[in-house]
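A.B. asks: Start counting at 1 in the sequence shown, then tack on 98, and there's your number in this note's numbering.
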Amino acid sequence: MLTPLIGAGVLAITPPEIGWRVLLAIGMLPLLLAVIAWRSLPESPRWLVNKGRLDEAEKIASAMESASGDRSRPATTTESVTAPGVDVRPTRFAEMFSKDYLSRTVLLWIMFGTSYFVVYAFTVWLPTLYVQLGGLPPGRSLLISAINGAAYVGSGYAIAFLIDRTGRRPYFIFSFALAATGALLGVLAVLVLGWTSWPTLFAVTLILAVGIYPINIGCFMYAPELFPTRMRGWATGTGSGIQRLAIAVAPITVGWILQSSQVKSTGVAAVFGLLCAMALVGLVAVALLGVETRNRTLEETSKPISG
């Protein structure tokens with residue numbers, strides 16, 4: 099949400115030959131966060147247990163309990179931590195494609211790929227569409243895009259509040275369905291009704307955004323729940339790789355569609371149709387392959403299918 103506002107502000111108060119350098123300097127600020135994270139973020143107690151560092155795991159778990167005020171966990175001993183349920187096998191990338199985890203790998207990659215394709219297909223090109231199709235000046239198009247981006251912030255709070263109440267599968271299915279509905283409304287509005295004003299584009303993309311943004315956030319939460327500790331790095335890492343691929347391909351695909359269309363409205367309708375199809379692919383994947391993890395321990399949710 100803040101990115102276009104910051105970019106517009108910097109470019110407005112600095113000469114062109116300086117502005118891009120300032121923006122690159124701002125992009126270096128996360129390096130400071132990396133240093134802070136290195137010193138302050140606690141290690142995963144489950145990972146420490148798998149590595150045999152039981153005292154460290156117990157210390158971190160106790161600190162988390164103290165911070166949350168939760169005293170419900172029974173006293174932990176070395177014997178209980180190293181019970182047979184603890185998985186200490188080594189990490190193997192190929193195991194993601196075994197019969198026990200293949201369906202979860204496919205599900206995760208489809209969720210990452212479709213959700214991020216949809217988001218970057220319309221967010222990258224939305225300011226341009228506001229200008230070329232909706233008739234807005236460039237400055238206002240960036241502001242309107244920032245308002246649309248506020249839905250991402252709201253989605254974070256929404257998913258935190260609702261997903262443990264509704265369950266993962268119902269929430270993801272509803273979100274994909276809402277995104278598909280927004281995209282379908284875009285096709286009808288632009289192609290059938292001929293509505294190409296910026297309020298129309300804003301309305302349909304807002305529905306699309308409210309539906310798809312929770313999937314973006316939920317992917318990183320859902321991935322660790324589907325795989326045991328030894329595989330969570332592979333699961334999240336490969337899913338993120340699919341995400342980056344989708345981020346790269348989506349704007350190129352949309353640009354090609356818009357450039358290939360002799361009539362702008364037809365190209366925009368085709369883009370909305372593609373986004374609807376992508377959202378439906380994600381919906382079907384969750385409906386067929388999704389694992390419900392609500393109110394279940396990580397040992398239960400990451401259990402192999404054959405187990």
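Heads up, the beta-carbon is just placed ideally off N, CA and C, and yes, glycines get one too.
If contact is defined by three or more beta carbon pairs under 8 angstroms, each pair taking one atom from either stretch, is the stretch 316-333 in contact with the stretch 199-208?
C.D. replies: Contact between the stretch 199-208 and the stretch 316-333 is present, because at least three Cβ pairs lie under 8 angstroms.
A.B. asks: Does the beta-carbon of residue 236 have 16 or more other beta-carbons within 10 angstroms, so that it is buried, or is it exposed?
C.D. replies: Looking at its Cβ environment, which holds fewer than 16 other Cβ atoms inside 10 Å, residue 236 is exposed.
A.B. asks: Please classify residue 294: does DSSP put it in a helix, a strand, or coil?
C.D. replies: Coil, per DSSP.
A.B. asks: If we count the other Cβ atoms within 10 Å of its Cβ and call it buried at 16 or more, is residue 254 buried or exposed?
C.D. replies: With fewer than 16 Cβ atoms within 10 Å of its Cβ, residue 254 is classed as exposed.
A.B. asks: So residue 380 and residue 220 are in contact, right, with Cβ under 8 angstroms, and what is the actual spacing, rounded?
C.D. replies: Rounded, the Cβ-Cβ distance is 15 angstroms, inconsistent with contact.
A.B. asks: Thinking C-beta only, is residue 124 closer than 8 angstroms to residue 143?
C.D. replies: No; because the gap between Cβ atoms is not below 8 angstroms, this pair is not in contact.
A.B. asks: From which residue to which residue does the alpha helix (DSSP H) around residue 220 run?
C.D. replies: From DSSP, the alpha helix (DSSP H) with residue 220 extends over 200-221.
A.B. asks: Pick out whichever of 265, 216, 153 has its Cα sitting closest to the Cα of residue 372.
C.D. replies: Out of 265, 216, 153, 216 has the C-alpha closest to the C-alpha of residue 372.
A.B. asks: Quick check on residue 385: buried or exposed, where buried means 16 or more other Cβ atoms within 10 Å of its Cβ?
C.D. replies: The residue in question, residue 385, is exposed, as its Cβ has fewer than 16 Cβ neighbours within 10 Å.
A.B. asks: Please report the straight-line C-alpha distance between residue 390 and residue 230, rounded to a whole angstrom.
C.D. replies: Roughly 44 angstroms separates the two Cα atoms.
A.B. asks: From this set, 206, 112, 227, which residue's C-alpha is nearest residue 339's C-alpha?
C.D. replies: Measuring from the Cα of residue 339, the nearest candidate turns out to be 206.
A.B. asks: Of the residues 150, 295, 119, which one's Cα is nearest the Cα of residue 228?
C.D. replies: The candidate whose alpha carbon is nearest that of residue 228 is 295.
A.B. asks: Can you give me the C-alpha to C-alpha distance between residue 246 and residue 149, rounded to a whole angstrom?
C.D. replies: Approximately 45 angstroms, taken between the alpha carbons.
A.B. asks: Buried or exposed for residue 259, please, with buried defined as at least 16 other CB atoms from any protein chain shown within 10 angstroms of its CB.
C.D. replies: Classification for residue 259: exposed.
A.B. asks: Relative to the C-alpha of residue 378, which residue among 130, 113, 119, 208 is closest?
C.D. replies: The option with the nearest alpha carbon to residue 378 is 208.
A.B. asks: For residue 174 and residue 331, what's the separation of their Cα atoms in angstroms?
C.D. replies: Reliability fails at residue 174, whose pLDDT of 46 lies under 50, so the model's placement of it is uncertain and the value that follows must be treated cautiously. One C-alpha to the other measures close to 26 angstroms.
A.B. asks: Pick out whichever of 287, 308, 306, 307 has its Cα sitting closest to the Cα of residue 298.
C.D. replies: Looking at the Cα atoms, 287 is the closest of the given residues.
A.B. asks: Apply the 10 Å Cβ neighbour rule to residue 141 and answer buried if 16 or more other Cβ atoms are within range, or exposed otherwise.
C.D. replies: The residue in question, residue 141, is exposed, as its Cβ has fewer than 16 Cβ neighbours within 10 Å.
A.B. asks: Does the beta-carbon of residue 394 have 16 or more other beta-carbons within 10 angstroms, so that it is buried, or is it exposed?
C.D. replies: It is exposed - the Cβ of residue 394 has fewer than 16 other Cβ atoms within 10 Å.
A.B. asks: Excluding the 5 residues flanking residue 271 on each side, which residues of the same chain have their C-beta closer than 7 angstroms to its C-beta?
C.D. replies: Hits under 7 angstroms: 381, 384, 385.
A.B. asks: Applying the 10 Å Cβ sphere with the 16-neighbour rule, what's the burial state of residue 131?
C.D. replies: When all chains shown are included, residue 131 counts as exposed.
A.B. asks: When DSSP labels each residue in this structure, what does residue 253 get in the three-state scheme?
C.D. replies: Three-state result, residue 253: helix.
A.B. asks: Near residue 210, what residues of its chain come up, given a Cβ to Cβ distance below 8 angstroms and the 5 sequence neighbours on each side ignored?
C.D. replies: So the qualifying residues of the chain are 317, 337, 338, 340, 341, 344.
A.B. asks: Just to confirm before moving on: does the CB-CB distance between residue 305 and residue 280 stay below 8 angstroms?
C.D. replies: In this structure, residue 280 lies closer than 8 angstroms to residue 305 by Cβ.
A.B. asks: Since residue 285 and residue 370 should fall inside the 8 angstroms C-beta cutoff, what is the C-beta to C-beta distance between them, to a whole number of angstroms?
C.D. replies: Right, the Cβ-Cβ distance comes to about 5 angstroms (below 8 angstroms), so this counts as a contact.
A.B. asks: Taking C-beta to C-beta, are residue 310 and residue 243 nearer than 8 angstroms?
C.D. replies: Cβ distance not < 8 angstroms, so residue 310 and residue 243 don't count as in contact.
A.B. asks: Distance, Cα to Cα, residue 401 vs residue 276?
C.D. replies: Distance between the alpha carbons of residue 401 and residue 276 is about 31 angstroms.
A.B. asks: With DSSP as the reference, label residue 174 as helix, strand or coil.
C.D. replies: In this predicted model, residue 174 has a pLDDT of only 46, less than 50, meaning its place in the structure is not dependable enough to derive any value.
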